[in-house]
Amino acid sequence: MTAPGLILFYGGLVRSKNVLGTMMHSLILMSVVSVLWVVYGYSMSFGEGNAFCGNPLQYFMLHGVGDAPNADYAATIPQQTFMLFQLMFAIITPALISGAFAERMKFSAFLVFTILWVTIVYFPLCHMVWGKGGYFNWALGGHVPVLDFAGGTVVHISSGVSALVCALVMGKRLGYPREPMVPHNVVLSLIGTGLLWFGWFGFNGGSAVAAGGLATGAFAATHFAAAAGGLGWMLTEWSLKRRPSVLGAASGMVAGLATITPASGFVSVPSALVIGFAAGIGCYMAVSKLKAKFHYDDALDAFGVHGIGSTIGMVLTGVFASTVVNPAISTTFKVGGNTVSLAGGAGQLMNQLTAVAFTWVLAGVATFLILKLVDAVIGLRVTEEDELRGLDVSQHGEEAYND
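In my numbering, the protein residues as written are 1053 to 1455.
1. Please determine, among Ala1452, Thr1411 and Ser1316, the residue with the shortest C-alpha to C-alpha distance to Phe1201.
2. Considering only residues of the same chain and omitting the five flanking positions on each side of Phe1159, which have a CB-CB separation below 6 Å?
3. Where does Gly1389 fall in DSSP's three states?
4. Counting only runs of 3+ residues fully inside the region 1088 to 1175, write out the beta strand (DSSP E) ranges in chain order.
5. Quick one: residues in its chain with C-beta nearer than 6 Å to the C-beta of Asp1438, no 5 flanking neighbours on either side, listed in chain order?
6. Going by C-alpha distance, which of Ala1280, Arg1294, Gly1361 and Tyr1336 is nearest Ala1324?
7. I need the DSSP call for Asn1256, collapsed to helix, strand or coil.
8. DSSP three-state label for Asn1237, please.
9. Since I believe Ile1381 is in contact with Leu1199 (beta carbons under 8 Å), could you give me their beta-carbon distance rounded to a whole number of angstroms?
10. Checking the sheet assignment: what are the DSSP bridge partners for Arg1433?
11. DSSP state of Asn1070, grouped into three classes?
12. Which value, in whole angstroms, describes the spacing of the CA atoms of Gly1284 and Gln1138?
13. How should Ala1127 be labelled, buried or exposed, when 16 other C-beta atoms within 10 angstroms of its C-beta is the threshold for buried?
14. Among Val1376, Phe1355 and Leu1405, which one has its Cα closest to the Cα of Val1367?
15. Please determine, among Gly1099, Ser1259 and Phe1372, the residue with the shortest C-alpha to C-alpha distance to Met1140.
16. As a quick exercise: from Gly1212, Leu1060, Leu1242 and Leu1414, pick the residue whose alpha carbon is nearest that of Ala1338.
17. Where does the unbroken alpha helix (DSSP H) through Lys1343 begin, and where does it stop?
18. I need the DSSP call for Asn1403, collapsed to helix, strand or coil.
19. Determine the DSSP secondary structure at Tyr1198, reduced to helix, strand or coil.
20. Kindly indicate if chain C contains any beta-carbon less than 8 Å away from that of Val1239.
21. Just to confirm my understanding: we take Val1408, look at its own chain, exclude 5 residues before and 5 after, and list those with CB closer than 8 Å. What are they?
22. Taking 8 Å as the cut-off, decide whether the C-beta atoms of Leu1240 and Ala1147 are in contact.
23. Throw me the rounded Cβ distance for the Thr1313 and Gly1328 pair, which I believe falls under 8 Å.
24. Would you call the CB atoms of Ala1154 and Leu1352 closer than 8 Å?
25. Within 10 angstroms of its Cβ, does Phe1255 collect 16 or more other Cβ (buried), or is it exposed?
26. Can you tell me where the alpha helix (DSSP H) with Lys1293 in it begins and where it stops?
27. Looking at the unbroken alpha helix (DSSP H) that takes in Met1337, where does it start and where does it end?
28. Tell whether a beta-carbon distance below 8 Å holds between Gly1416 and Val1207.
29. Which word fits His1077, buried or exposed, when buried means at least 16 other C-beta atoms lie within 10 angstroms of its C-beta?
30. Measuring CB atoms only, is the region 1061 to 1080 touching the region 1424 to 1436, in the sense that at least three cross pairs come out at less than 8 Å?
31. Go through its chain and collect everything with a Cβ distance to Ala1418's Cβ below 7 Å, but skip five positions before and after it.
32. Is it buried or exposed, Pro1379, if we count other Cβ atoms within 10 angstroms and call 16 or more buried?
33. From this set, Thr1054, Thr1074, Gly1399 and Ala1055, which residue's C-alpha is nearest Glu1451's C-alpha?
34. Tell me, please, which residues DSSP counts as bridged to Asn1189.
35. Take His1347 as the anchor and find which of Phe1104, Met1113, Arg1225 and Gly1099 has the nearest alpha-carbon.
What follows is the structure, given as structure tokens:
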């Protein structure tokens, strides 16, 4: 549900001459990333390797991934079910990045960039946070135990920071910010918001990998954080601009969803309300103030919503994590000679900040180098003529709307 939701959400936000090109970014990743996942992506993410990457040959072509459970990852369901569930995260993450370079990247460059990005950034980071022996894995032998229930670092910070780098490296759209570049169809984006909200229940609740109280708690935290995020954004915008926008409320809801993602299986409903409301305010300020101050063109605000939102979420997870919600985090660990409890506190907060900083650096540096490589080989950006015509016609030979 999240993939079609993002297709509609992003598609409605661009100008009418770029709607098909923008939708194609999210759509084709369902094919591209799925094939990579079969060949080596699942192995790099969940194969046994070192603290930073799984063995890319262990599950090559999904060898050995069948209906038997995996004791480490999914003891009560077939490993193939777990594999498919995790594939959905791998698909949506690079799709989020595409919002930053909407309306100006060559389709061929997009494909090459995505293949390199998921290989260098997503698969290793997924292993570090969720894989057995991964550096940040809190439950399966990690060196620095980090609480990230459903993808604060793996999905949202990595994509958000990469989106910022893409916006900076590629430069602004022609005419930005002098010319108005308003969404061509807010209704599409609102439908997409509803689908995203619904689909997020599967991401966050499903990360419990079993039906029960933990999944229900994550489901509840997700819903109430999204609700609070919409209110936080709307009230902030209302107080500063004297009227609330419908798109702003929708953006706040998505911000709440992104921000609660790492915390959903660790925090109570009241904490989720606080996290969601903070997301609405913080992400609104990032989108409206930070972008204007530093003059970058993150076309669909992927950084402001996902990068900033999940950074807030990762930090607040370290503050609000509760053993009442998730008894498994009552475990303590030795970190740097000190005993650290995963259930909130200064020690766990430092672990969370360490993972956030690492993800920012990994995503930022790797994305910069990948962009430079792709630009040198095939070029990143469409010509000025093609950009003015629109990516629908110039890249795909089609138009979304015919008179």
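The C-beta atom is built at its ideal place from N, Cα and C for all residues, glycine as well.
According to the structure data:
1. For the residues Ala1452, Thr1411 and Ser1316, the minimum Cα distance to Phe1201 belongs to Ser1316.
2. Within the same chain, Phe1159 has close Cβ partners Gln1447.
3. Per-residue confidence for Gly1389 stands at a pLDDT of 49, beneath the threshold of 50, marking its modelled position as unreliable; the derived number appears in the next sentence. Here Gly1389 sits in coil by DSSP.
4. DSSP runs (the beta strand (DSSP E)) wholly in the region 1088 to 1175: none.
5. Cβ contact annotation for Asp1438 (same chain, cutoff 6 Å, sequence separation greater than five): Ser1446, in chain order.
6. Across the set Ala1280, Arg1294, Gly1361 and Tyr1336, the C-alpha of Ala1280 shows the shortest separation from the C-alpha of Ala1324.
7. Looking at Asn1256 - three-state DSSP - the assignment turns out to be helix.
8. Looking at Asn1237 - three-state DSSP - the assignment turns out to be coil, as it is neither helix nor strand.
9. Confirmed, about 7 Å.
10. Answer is Met1157.
11. In the structure shown, the three-state DSSP call for Asn1070 is helix.
12. If you take the alpha carbons of Gly1284 and Gln1138, they lie about 31 Å apart.
13. Flag for Ala1127 reads exposed.
14. It is Leu1405 whose Cα lies nearest to the Cα of Val1367.
15. Closest in C-alpha terms to Met1140, from the list Gly1099, Ser1259 and Phe1372, comes Ser1259.
16. Nearest neighbour of Ala1338 by Cα position, chosen from Gly1212, Leu1060, Leu1242 and Leu1414, turns out to be Gly1212.
17. Counting along the chain, the alpha helix (DSSP H) containing Lys1343 begins and ends at Lys1343 to Phe1346.
18. Note: Asn1403 maps to helix in three-state DSSP.
19. Strictly speaking, residue 1198 in this sequence is Val, with Tyr absent from that position. Residue state, collapsed to three classes: strand.
20. In the structure shown, chain C cannot be found, because there is only a single protein chain.
21. Excluding residues within five positions, the ones whose Cβ falls inside 8 Å are Thr1205, Ile1209, Thr1363, Met1366 and Val1367.
22. For Leu1240 and Ala1147, no; Cβs fall outside 8 Å.
23. Contact between Thr1313 and Gly1328 is absent: CB atoms are separated by about 11 Å, not below the 8 Å threshold.
24. The answer is yes: Cβ separation under 8 Å.
25. Phe1255 comes out buried.
26. Boundaries of the alpha helix (DSSP H) around Lys1293: Gly1265 to Lys1293.
27. It spans Val1321 to Met1337 - the alpha helix (DSSP H) in which Met1337 sits, taken as one unbroken run.
28. Val1207 sits away from Gly1416, with the two beta carbons spaced by 8 Å or more.
29. By the Cβ neighbour-count rule, His1077 is buried, with 16 or more other Cβ atoms within 10 Å of its own.
30. No: the two stretches stay apart, fewer than three of their Cβ pairs being nearer than 8 Å.
31. Within the same chain, Cβ atoms closer than 7 Å to the Cβ of Ala1418 are found at Ile1172 and Val1173, the five residues on either side in sequence being excluded.
32. Its Cβ having fewer than 16 others within 10 Å, Pro1379 is exposed.
33. That would be Thr1074, whose Cα lies nearest to the Cα of Glu1451.
34. Asn1189 pairs with Val1198.
35. Closest by alpha carbon: Arg1225.
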